[in-house]
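Presented below is the structure to which this report refers.
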Amino acid sequence: MEKISVIQGNVYQEMGRRGFIQQVTDPEPLQDMLQKEAVTCYVGFDPTADSLHVGHLMAIMGMSQLQRHGHRPIAIIGGGTAMVGDPTGKTEMRKMLTREQIVANGEKFKVQFSRYLDFGPDKALMVDNYDWLGELKYIEFLRDIGRHFSVNRMLTYETYKMRLEKGLSFLEFNYQLLQAYDFLMLFKTHGCRLQMGGDDQWANILAGADLIRRVEECDAYGLTFPLLTTAAGKKMGKTESGAVWLDPEKTSPYEYYQYWYNSDDRDVARFLGFFTYLPMEEIETVKELQGADLNSAKVVLAYEATCITHGETAAQEAMRAAAAAFGCREIPAALLPSSSVPRGAVTGNEAAMPGSDLTPAQLAAAPRLVDVMAELGLVASKGDARRLIQGGGVYLNNERVDDINFSLSMALVQEGRIVLRLGKKRFHQLVIR
RNA sequence: GGAGAGGUACCCGAGUGGCCAAAGGGAACAGACUGUAAAUCUGUCAGCAUACGCUUUCGGAGGUUCGAAUCCUCCCCUCUCCA
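Numbering (the working numbering), first residue to last: 2 to 434.
Printed below as a string of structure tokens:
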């Protein structure tokens, strides 16, 4: 994480302009507070998987924006809340995770957060809510916290209504109390005044702010980020092959770059606001762009987003791999000038393209293409591979394969590799060594 | 604990003895068109097999039958109402 200097200006307005603000409990006092002092704020993340994914990114970038303006974000690893499971937006109960899994997942989260936030002294904090939730005393908790919650009221929330149809266990019904308690604890121990989260968390966030008001007789604020869907109406960060992870082991920088490049035209300007630090004045001009001109803006989006998550070197490699696969695109100097994206001709770099190794001996055995594809996991089964070939969707070195019994051979090797392509975009090189 | 409804492929959902590897829709993948976008049209979408075909699938385990997603028995799970 590069050191960043504190940016002057109104964070609240800046975040509003970038699209981060969906709902706020009390806009004016919050805005005042953010102008006057360094505010401690938090977002909770339950470690229910072994990596964060693009769906978490909005909240992370939100914290990052605040930090850049001199505020102090706390990232909560929900080691305790993950044990319970948030019912919000879920139509059925999540399978229970063991404490060991949660701890292991939390460790991964920690590493990932430090790529977006500066955890230097007094800059940001990372805490695990298991530290206090783990040792809660049931009776005390009921008496001190539980008495502030009205079941009648909770049952009117849409999220619980929905679950009342399908079944909601008492365990999950308590999630909101725990999250509210988190806010209270952070208020007491770190002076945290603001909780943020996705808009689906609104009720939980309000519950926390209310709890602080009742128990501490102090104002606390809540802010929600819009729930991002793509212009096509899909949930953000999901692709055919599952979530887009922030862990390079799970989603390679190349795939990550491709994910952003493949954004819907209608999403590009919005995403630039959320997922890059480029100034809004420049992003505004992207909104004017039409048609294919947007492709250059997509390069910038993909490059900047990959830079933030995986670093500049990885972003450049991903870009060069894309250039090798799809051809180079020169970026006009006037477009988003603050971006450090390479703008001239980029030399293609096949090496960064996804691929696997093949020994000359393996190749000499003339393996059938169908078998190779299945073995590499590029297709679900050999039948799947066959159908793909029959449908004209398989290419070797850019030539369509039309024989389902096609076998690989030395003759296909060009510059030490065979480039396999499935459909229009999925490249996989077989490196011979 | 009592009464009722139900569990079908990635999801929704039709099917109530053979014509069912299971309608229809969605998602997904491929092709055409394009701009690595969207929309549209076409095809594919359990596994193995070049193919004839074979194997496994309709909550689970047994059974009836020449033949079961469909009928019977037991079990598991979900929902609704009652307590």
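Even for Gly, the Cβ is constructed at its ideal location relative to N, Cα and C.
Just so it is clear, the structure is predicted and the values come from calculations on it, not from any experiment.
Which ranges does the alpha helix (DSSP H) cover as unbroken runs of at least 4 residues, wholly within the stretch 209–288, from first to last along the chain? Counting only runs of 4 or more, we get 254–262, 269–276, 281–287.
Using the Cα positions of Thr89 and Tyr176, report the straight-line distance between them to the nearest angstrom. 9 angstroms
Just list the residues that DSSP pairs Thr41 with in beta bridges. Arg73
Host beta strand (DSSP E) of Arg422 (start-end): Unbroken beta strand (DSSP E) run through Arg422: 418–423.
Out of curiosity, what's the CA-to-CA distance linking Lys334 and Leu212? For the record, residue 334 in the displayed sequence is Ala; it is not Lys. About 52 angstroms.
Straight-line Cα distance separating Asp51 from Asp248: 9 angstroms
Could you please give me the residues that DSSP links to Glu400 through a beta bridge? Leu397
Secondary structure, alpha helix (DSSP H): runs of 4+ residues fully inside the stretch 362–394: 370–376, 383–391
Hey, could you find the ends of the alpha helix (DSSP H) Ile309 is sitting in? 295–311
Does the distance from the CB of Arg321 to the CB of Asn350 come in under 7 angstroms? yes
My understanding is that Gly371 touches Ala353, with C-beta atoms under 8 angstroms, so please give their C-beta distance in whole angstroms. It is worth fixing the name first, because residue 371 is Val in this sequence and not Gly. About 27 angstroms separates the beta carbons of Val371 and Ala353, which is beyond the 8 angstroms limit, so they are not a contact pair.
Met281 burial status per 10 Å Cβ neighbour count (16 or more: buried): exposed
Curious, which full-length alpha helix (DSSP H) runs of at least 4 residues does the stretch 114–141 contain? 131–134
Please say whether Gly393 and Arg401 have beta carbons closer to each other than 7 angstroms? For Arg401 and Gly393, yes; Cβs fall inside 7 angstroms.
For His54, which residues does DSSP report across the bridge? Trp246
Looking only at its own chain, which residues have a Cβ that is under 6 angstroms from the Cβ of Ala316, when we skip the five neighbours before and after it? Tyr304, Thr307, Cys308
7 angstroms Cβ cutoff met for Ile103 and Ala76: no
Measuring only the C-alpha atoms, how far is Val112 from Ala412? 45 angstroms
Option in Pro30, Leu431, Thr277 with minimal Cα separation from Asp358: Nearest in C-alpha terms to Asp358, of all of Pro30, Leu431, Thr277, is Leu431.
C-beta atoms of Asn398 and Val420 nearer than 7 angstroms: yes
How many Å lie between Lys4 and Asp119 at the Cα? Interpretation of Lys4 is limited by its pLDDT of 48, a score under 50 that renders its predicted location unreliable; the figure taken from the coordinates is listed afterwards. Cα to Cα, the separation comes out at about 7 angstroms.
Can you tell me the Cβ-Cβ gap for Ser339 and Arg369, rounded? I've got them flagged as a contact below 8 angstroms. Not a contact, Cβ separation roughly 51 angstroms.
Helix, strand or coil, according to DSSP, for Arg427 in the structure here? strand
With respect to the beta strand (DSSP E) encompassing Met197, which residues constitute its N-terminal and C-terminal limits? 195–199
Gly356 lies in the beta strand (DSSP E); which residues open and close that run? 356–359
Helix, strand or coil: how does DSSP classify Gln415 here? strand
Keeping to the same chain, check which residues put their C-beta closer than 8 angstroms to that of Val152; ignore five residues upstream and five downstream. none
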